[in-house]
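**Student:**
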Amino acid sequence: MSGAGGTTTAWLLIHASNDVPVDTPRVPAREAAKHELSHPMYHENDPNLLQRGLDRLWGWLGDLFATASNAAPGGPLGLIVLVLVVIGLAVALWWRLGTPQRTPRTTDALFDDSPRSAAEHRTAAEAHAAAQRWNEAVQERMRAIVRSLEERALLDPRPGRTADEAAAEAGRSLPGHEIPLRAAARNFDDVTYGGRTADQQTYLTVQALDRDLENAKPLLTTAVRGAAE
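Residues 181 to 409 in my numbering are what the sequence shown spells out, letter by letter.
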């Protein structure tokens, strides 16, 4: 149907002939016109959904700017000056304070920022085990092992040391316990960073290693032996 045909149809709804006028009721006439105008041919040049959305956005921003301009002293010019002042203050504050810096920290560090003794770590481990919090119990027992080795001077206290590093260093002076130490460090990493869940047996294994190490004799190097003689 062409545009001319649509016009003819609308005209026929109003006039049946040149001589006899047709009195068409208002509601049917409105419905007929709505039906005619719903044809796609009348909407070929309508804006698409994105264009309508952008038009509404710009209209909203325009209304917002107009409202702010009316409220700001001096109208639009005063609003621009006010925005520039705020930006200037923000830049000055950033220049004065600098970019926020995060405190560097090794995510795999064995100990946190609150140093505790080996006895305190053992007490915490037993409390977690009594509550069947096996992950926390394994973590605290591994910390007790490493702290005990530091207290016995078999390991040098070093911030940021990981469980794997501690096991490798301790295994050199306690070669008979190198494999259990590495296994304990792996269990610590699994429950701390690997998302795994420990069980009672895992904790008992680490606990047994802690008790064995308390009486373990370190392997002295040649330099240490000469100093001892």
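Beta carbons: idealized from backbone N, C-alpha and C, even for Gly.
The model shown is predicted, which means the values in this text are computed figures rather than measured ones.
Between ALA309 and the rest of its own chain, which residues show a CB-CB distance below 7 Å, the 5 nearest in sequence each way excluded?
**Tutor:** By 1-based counting over the sequence shown, the position of residue 309 is 129. Around ALA309: ALA317 and TYR383.
**Student:** Let me know the secondary structure DSSP gives THR342 once reduced to three states.
**Tutor:** Position 162 of the sequence shown holds residue 342. DSSP places THR342 in coil when its eight states are reduced to three.
**Student:** Extract the residue ranges of the alpha helix (DSSP H) inside the region 329-394, only unbroken runs of 4 or more that lie entirely within it.
**Tutor:** If we require 4 residues or more, the alpha helix (DSSP H) runs fully inside the region 329-394 come out as 343-353, 358-372 and 380-394.
**Student:** Look up LEU244 in the DSSP assignment and say whether it is helix, strand or coil.
**Tutor:** As a working note, residue 244 is residue 64 in the sequence shown. Of the three classes helix, strand and coil, the one that applies to LEU244 here is helix, per DSSP.
**Student:** Taking only the alpha-carbon atoms, compute the straight-line gap between GLU320 and GLU330 and give it to the nearest angstrom.
**Tutor:** Residue numbering aside, residue 320 sits at position 140 when the sequence shown is read from its first letter. Residue numbering aside, residue 330 sits at position 150 when the sequence shown is read from its first letter. So the two alpha carbons sit approximately 15 Å from each other.
**Student:** Looking at VAL386: is its Cβ nearer than 9 Å to the Cβ of MET322?
**Tutor:** Sequence index remark: in the sequence shown, residue 386 carries index 206 (1-based). Sequence index remark: in the sequence shown, residue 322 carries index 142 (1-based). A contact, by the Cβ cut-off of 9 Å.
**Student:** What first and last residue would you give for the alpha helix (DSSP H) that runs through ALA310?
**Tutor:** Within the sequence shown, numbered from 1, the residue matching residue 310 stands at position 130. Counting along the chain, the alpha helix (DSSP H) containing ALA310 begins and ends at 298-310.
**Student:** For LEU334, tell me which candidate among ARG232, LEU262 and GLU394 has the shortest Cα-Cα distance.
**Tutor:** As a working mapping, residue 334 is identified with position 154 in the sequence shown. Checking every option, the nearest Cα to that of LEU334 belongs to GLU394.
**Student:** Given this structure, state the Cα-to-Cα distance separating SER467 from ARG376, to the nearest angstrom.
**Tutor:** Because the chain spans 181 through 409 in this model, residue 467 falls outside it and cannot be assessed.
**Student:** Just the Cα atoms here: how many angstroms apart are LEU389 and ASP336?
**Tutor:** Within the sequence shown, residue 389 is the residue found at index 209, counting from 1. Within the sequence shown, residue 336 is the residue found at index 156, counting from 1. Computed Cα separation, rounded: 20 Å.
**Student:** Kindly list the residues whose CB is nearer than 7 Å to the CB of PRO355, restricted to its own chain and excluding five residues on each side of it in sequence; keep chain order.
**Tutor:** Within the sequence shown, the letter at position 175 stands for residue 355. Cβ neighbours of PRO355 beyond the five flanking positions: LEU399.
**Student:** What does the alpha-carbon distance come out to for the pair GLY242 and LEU262?
**Tutor:** Along the sequence shown, one-based indexing puts residue 242 at 62. Along the sequence shown, one-based indexing puts residue 262 at 82. Distance between the alpha carbons of GLY242 and LEU262: 18 Å.
**Student:** Shortest alpha-carbon distance to ALA298 belongs to which of ILE325, ALA343 and PRO339?
**Tutor:** By one-based count along the sequence shown, residue 298 stands at place 118. When only C-alpha atoms are compared, the closest one is ILE325.
**Student:** Hey, how far is the Cα of THR342 from the Cα of LEU290?
**Tutor:** Residue 342 sits at position 162 when you count from the first residue of the sequence shown. Residue 290 sits at position 110 when you count from the first residue of the sequence shown. The alpha-carbon atoms of THR342 and LEU290 are separated by roughly 5 Å.
**Student:** Counting only the same chain and skipping the five closest in sequence on each side, list residues whose C-beta sits under 6 Å from that of ALA378.
**Tutor:** The residue you call residue 378 lines up with position 198 of the sequence shown. Hits under 6 Å: TRP314, ASN315, VAL318 and VAL371.
**Student:** Which of helix, strand or coil does DSSP assign to LEU229?
**Tutor:** Sequence index remark: in the sequence shown, residue 229 carries index 49 (1-based). It is helical.
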